[in-house]
Amino acid sequence: MKRGKKYLEAAKLIDRSKKYAIDEAVDLVKKTSFVKFDATVEAAFRLNLDPRKAEQNLRGAIVLPHGTGKVSRVVVIAQGEKAKEAEAAGADHVGAAELIQKIAGGWFDFDVMVATPDMMGQLGKLGRILGPKGLMPNPKTGTVTMDVEKAVHEIKNGKIEYRVDKVGNIHAPVGRVSFTDVQLKENVKTLYDQLARIKPATVKGTYMKSITVSSSMGPGVHVDAESFRNA
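Per my numbering: the sequence shown = residues 180 to 410.
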């Protein structure tokens, strides 16, 4: 892949053969961000997983201590008291059959969907539309729940979803370049701790093969996993 001049200049600041302590890595990510907007910082974990095995097909959600720098637009599919609860919690859009029909017609002005279990039967017909967009509610990520108030609050306060891809990688946003070094470090460590905690018992050998942090369009910085244990 041909890289631009700004990328190449930024890449010179990084020793590709070295694994940096998380403190250094975060500092380098901020220094090598060359775009004019407040770039997203992402963490990528290359894991020794076979997603074809059910127990190794990791998926879930976690609330980052400092959020992601983005406030998600939340739609809640619920009725009755649960709809009122969602509205009070700050959901951007709340509804039942009529809202499902609106989405079926091509409306997608939201980032995350939460639904109560009793509405999943009606939502099922939208699986082919919502699934490919990553918007289908799922119990594993806490988006199919009766506790809609908690779900909305968590999403609004920095909850992210993670899911292993077909080759065993997990990528997730962990903040913005404008965050302090401490905020970024704590967000990355929170994700690291979560992935370490849910390591499948069937994994043999090294679980986390590599960890990389980068900013939007910026070069990746390899992180030394040992630095998390001392953080």
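All residues carry an ideal CB built from backbone N, CA and C; glycine is no exception.
Keep in mind that this is a model prediction, so the values were computed, not measured.
For residue i, is the classification buried or exposed, using 16 other Cβ atoms within 10 angstroms of its Cβ as the cut-off for buried?
i	result
VAL361	exposed
THR219	buried
LEU187	exposed
VAL273	buried
ALA222	buried
LYS209	buried
PHE287	exposed
SER196	exposed
If you check the beta carbons only, do residue i and residue j fall under 8 Å apart?
i	j	result
VAL415	ALA204	Limits of the chain in this structure are 180 at one end and 410 at the other, which puts residue 415 out of reach.
LEU192	ILE339	no
GLU397	ALA189	Before going on, a small fix: residue 397 reads as Gly here, not Glu. For GLY397 and ALA189, yes; Cβs fall inside 8 Å.
ALA404	ILE390	yes
ALA257	ALA267	no
THR381	LYS232	yes
ARG345	PRO230	Here residue 345 turns out to be Lys, not Arg, going by the sequence shown. Yes, these two residues count as a Cβ contact at 8 Å.
VAL367	VAL327	no
At the level of alpha carbons, what is the spacing between residue i and residue j?
i	j	result
ALA276	GLN301	8 Å
ARG342	LYS263	31 Å
ILE144	GLY285	Since the displayed the chain opens at 180 and closes at 410, residue 144 lies outside it and no answer follows.
ASP217	THR359	13 Å
MET292	VAL255	6 Å
ILE377	GLN235	10 Å
LYS329	LYS185	43 Å
ALA283	LEU363	38 Å
HIS332	LEU207	32 Å
ASN348	LEU237	10 Å
LEU228	PRO379	9 Å
Quick check: is any heavy atom of the ligand PLP less than 7 Å from the C-beta of residue i?
i	result
LYS281	Among the components modelled here there is no ligand, and therefore nothing to report on the ligand PLP.
Q.
Can you confirm whether the stretch 243 to 251 touches the stretch 351 to 365 when touching is taken to mean that 3 or more C-beta pairs between the two stretches lie within less than 8 Å?
A. Taking 8 Å as the limit for Cβ pairs, the verdict is that the stretch 243 to 251 does touch the stretch 351 to 365.
Q: Kindly provide the ranges of any beta strand (DSSP E) runs that are 3 or more residues long and lie completely inside the stretch 315 to 367, ordered along the chain.
A: 338 to 342, 348 to 355
Q) Is the stretch 201 to 217 in contact with the stretch 377 to 397, if contact means three or more CB pairs nearer than 8 Å? A) yes
Q: Please specify which runs of the alpha helix (DSSP H), each continuous and at least 4 residues long, are wholly inside the stretch 270 to 302, giving them in chain order.
A: 276 to 283, 299 to 302
(Q) Can you confirm whether the stretch 317 to 332 touches the stretch 292 to 301 when touching is taken to mean that 3 or more C-beta pairs between the two stretches lie within less than 8 Å? (A) yes
Q: Report the residue ranges of all alpha helix (DSSP H) runs contained in full by the stretch 384 to 408; include only those spanning at least 4 residues, in chain order.
A: Counting only runs that start and end inside the stretch 384 to 408, the alpha helix (DSSP H) elements of at least 4 residues fall at 405 to 408.
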